[in-house]
Amino acid sequence: MEGIRAGGFQVENPYNGRVSRVPADPGRVAAIVFWSKNYHAFLEGGYAAELLERGYRLFFHFTVNSPHKVLEPGLPDLDERLHQVRKLTELVPPEAVNWRFDPVCWFRNGRGEVQNNLADFVTIAECMARAGVSTCTTSFLDIYPKVRRRAQLEARLEFMGVEQEKRIRVLGRMNQVLKSLGIRLQVCCEKELWEALGLQEGIRPGACVSHERLEAIYGPLALSHRRDRGQRSAAGCGCHESRDVGSYRRQPCGHGCLYCYGNPVRAEGRCGKGGGP
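So in this note's numbering the end of the sequence shown lands on 262, straight run, no missing numbers.
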């Protein structure tokens, strides 16, 4: 919020350290797109209301997975996060809230038991439908070396790769549930999987930043509709151009998710309430 109130963000390139300024006045910002697993501080601090009063158009990605204290140790309980979903859909059009059930994963714990994080998918989907959320984005865990190391060091847990046929079956079951609730299923950066599916089931590739979707919600915004070349296009990323003003160094996340792609190490000393925006 400091950048909003100052009229611009000082954005540091994570690779070369160079700092550039991104203007933040409402007349130059088509929309602000948020990603989070916990909007507690954002909602309770009145930041959403302040942004709306200032004239910003908002879009929210809300990751709500089956609760698991080893995989996502710093998050509040599921009921609290589903309450946050309802609060968001009261502030903005429900179409401006996208549910992410992401990443789907399988793992072997220290006792040799194989588990996954799909247990509460139906319950969460039903709550999303009641709140008016109409899309769900999912993907399967990419087991990067740092993710594998973190799981072994911090939880004596081994993430497991899953063959394509099994992932397709899981997507089919997820889609069956979602279609009955009026929710569309999208996949994120799963090009090979989507190509194997073809057009069956109505599952489509997703885009976290979609100019078409923003304009469908808020009307013409004079957006470029150009693909963002800085994203994982080879993996199937469909995102359009945007400016990322976040920073893992300046705004560290304290949720400590075991499979986080962004944080190289777990943040310490945070309560898991989602630091101030």
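The beta carbon of each residue, even a glycine, is placed where N, CA and C say it ideally should be.
**OP:** Look at the alpha carbon of G239 and the alpha carbon of G59, and state the distance between them as a whole number of angstroms.
**Re:** Counting from one through the sequence shown, the residue named residue 239 turns up at place 254. Counting from one through the sequence shown, the residue named residue 59 turns up at place 74. Going by the C-alpha atoms only, they are around 7 angstroms apart.
**OP:** Could you spell out the range, first to last residue, of the beta strand (DSSP E) harbouring G(-12)?
**Re:** The residue labelled residue -12 in the question sits at position 3 within the sequence shown. Looking at the DSSP string, G(-12) is not in any beta strand (DSSP E); the run it does join, the alpha helix (DSSP H), is E(-13) to A(-9).
Subject >> CB-CB length for R93 against M159, believed under 8 angstroms >> reply: Along the sequence shown, one-based indexing puts residue 93 at 108. Along the sequence shown, one-based indexing puts residue 159 at 174. About 22 angstroms separates the two Cβ atoms, so there is no contact after all.
Original post:
If we count the other Cβ atoms within 10 Å of its Cβ and call it buried at 16 or more, is G261 buried or exposed?
Top reply: Position 276 of the sequence shown holds residue 261. Reliability fails at G261, whose pLDDT of 39 lies under 50, so the model's placement of it is uncertain and the value that follows must be treated cautiously. Exposed.
Subject >> Status (buried if at least 16 other CB within 10 Å, exposed otherwise) for L206 >> reply: Indexing the sequence shown from 1 puts residue 206 at position 221. The C-beta of L206 has fewer than 16 other C-beta atoms within 10 Å across all chains shown, which makes the residue exposed.
Subject >> Cβ contact (3+ pairs, closer than 8 angstroms) linking the region 50 to 59 and the region 25 to 33 >> reply: Because the criterion of three Cβ pairs below 8 angstroms is not met, the region 50 to 59 and the region 25 to 33 do not touch.
Subject >> Whole-angstrom distance between G241 and C256, CA atom to CA atom >> reply: Counted from its first residue, the sequence shown places residue 256 at position 271. Counted from its first residue, the sequence shown places residue 241 at position 256. Bear in mind that the predicted position of C256 carries a pLDDT of just 36, short of 50, making it too unreliable to give a figure here.
Subject >> Neighbourhood of L166 by C-beta distance below 7 angstroms, restricted to the same chain and skipping five residues each side >> reply: Translated into the one-based positions of the sequence shown, residue 166 becomes position 181. A110, E111 and A114.
Original post:
Would you call the region 69 to 80 and the region 98 to 106 in contact, with 3 or more CB pairs under 8 angstroms?
Top reply: no
**OP:** For G254, count neighbouring Cβ atoms within 10 angstroms of its own Cβ and tell me buried if that reaches 16, exposed if not.
**Re:** Numbered from 1 along the sequence shown, position 269 holds the residue referred to as residue 254. Bear in mind that the predicted position of G254 carries a pLDDT of just 35, short of 50, making it unreliable; the figure below should be weighed with that in mind. Exposed: under 16 other Cβ atoms inside 10 Å.
Original post:
DSSP three-state call for C90: helix, strand or coil?
Top reply: On the sequence shown, residue 90 is found 105 positions in, with the first residue counted as 1. C90: coil per DSSP, three-state reduction.
Original post:
With which residues is T123 paired in a DSSP beta bridge?
Top reply: Here residue 123 corresponds to residue number 138 of the sequence shown, with the count starting at 1. Looking at the DSSP output, T123 shares a beta bridge with F86 and V172.
Subject >> Local conformation of I128 per DSSP, three classes >> reply: Position 143 of the sequence shown, counted from the first residue, corresponds to residue 128. In the structure shown, I128 sits in coil (DSSP, three-state: anything other than H, G, I, E or B).
Original post:
Between R251 and the rest of its own chain, which residues show a CB-CB distance below 6 angstroms, the 5 nearest in sequence each way excluded?
Top reply: To locate residue 251, count along the sequence shown from 1; it is residue 266. With a pLDDT of only 46 at R251, under 50, the local geometry of the prediction cannot be trusted, and no value is derived from it.
**OP:** Could you check the C-alpha separation between V194 and D87 for me, to the nearest Å?
**Re:** Indexing the sequence shown from 1 puts residue 194 at position 209. Indexing the sequence shown from 1 puts residue 87 at position 102. For the pair V194 and D87, the Cα-to-Cα distance works out to about 16 angstroms.
Original post:
Can the beta-carbon of L36 be found closer than 8 angstroms to that of V89?
Top reply: On the sequence shown, residue 36 is found 51 positions in, with the first residue counted as 1. On the sequence shown, residue 89 is found 104 positions in, with the first residue counted as 1. No, these two residues do not count as a Cβ contact at 8 angstroms.
Subject >> Distance, A33 Cα to E148 Cα >> reply: In the sequence shown, the residue the question calls residue 148 occupies position 163. In the sequence shown, the residue the question calls residue 33 occupies position 48. About 41 angstroms.
Original post:
Does DSSP put R211 in a helix, a strand or coil?
Top reply: Residue 211 sits at position 226 when you count from the first residue of the sequence shown. If DSSP states are grouped into helix, strand and coil, R211 belongs with coil.
Original post:
Who are the near neighbours of G259 in its chain, counting only those whose CB is closer than 6 angstroms to its CB and skipping five residues on each side?
Top reply: Locating residue 259 in the sequence shown gives position 274, where the first residue counts as 1. In this prediction, G259 has a pLDDT of 44, which is less than 50 and means its spatial position is unreliable; what the coordinates show is noted afterwards. For G259, where only same-chain residues beyond five positions count, the Cβ hits under 6 angstroms are N23, H25 and A26.
Original post:
Should P237 be counted as a contact of the ligand NAP given a C-beta to heavy atom distance under 7 angstroms?
Top reply: By its list of ligands, the structure shown contains no ligand whatsoever, and the ligand NAP lies outside what it can speak to.
Original post:
Counting pairs of Cβ atoms below 8 angstroms between the region -12 to 8 and the region 220 to 236, do you hit three or more?
Top reply: yes
Original post:
Among R152, R96, E(-13) and L156, which has the Cα closest to the Cα of E186?
Top reply: For the purposes of this step, residue 186 is taken as residue 201 along the sequence shown, with counting starting at 1. Out of R152, R96, E(-13) and L156, L156 has the C-alpha closest to the C-alpha of E186.
Subject >> Straight-line Cα distance separating V118 from E75 >> reply: For the purposes of this step, residue 75 is taken as the residue at position 90 of the sequence shown. For the purposes of this step, residue 118 is taken as the residue at position 133 of the sequence shown. If you take the alpha carbons of E75 and V118, they lie about 11 angstroms apart.
Subject >> Cut-off 8 angstroms between Cβ atoms - residues of its own chain near E65, not counting five sequence neighbours on either side >> reply: Walking along the sequence shown from the start, residue 65 turns up at place 80. Here the set comprises H25.
Subject >> Cβ-based neighbour list, L142, same chain, cut-off 8 angstroms, excluding 5 preceding and 5 following >> reply: Translated into positions along the sequence shown, residue 142 becomes position 157. Counting only Cβ-Cβ distances below 8 angstroms, and skipping sequence neighbours, we find V55, F92, R93, N94, G95, A136 and L243.
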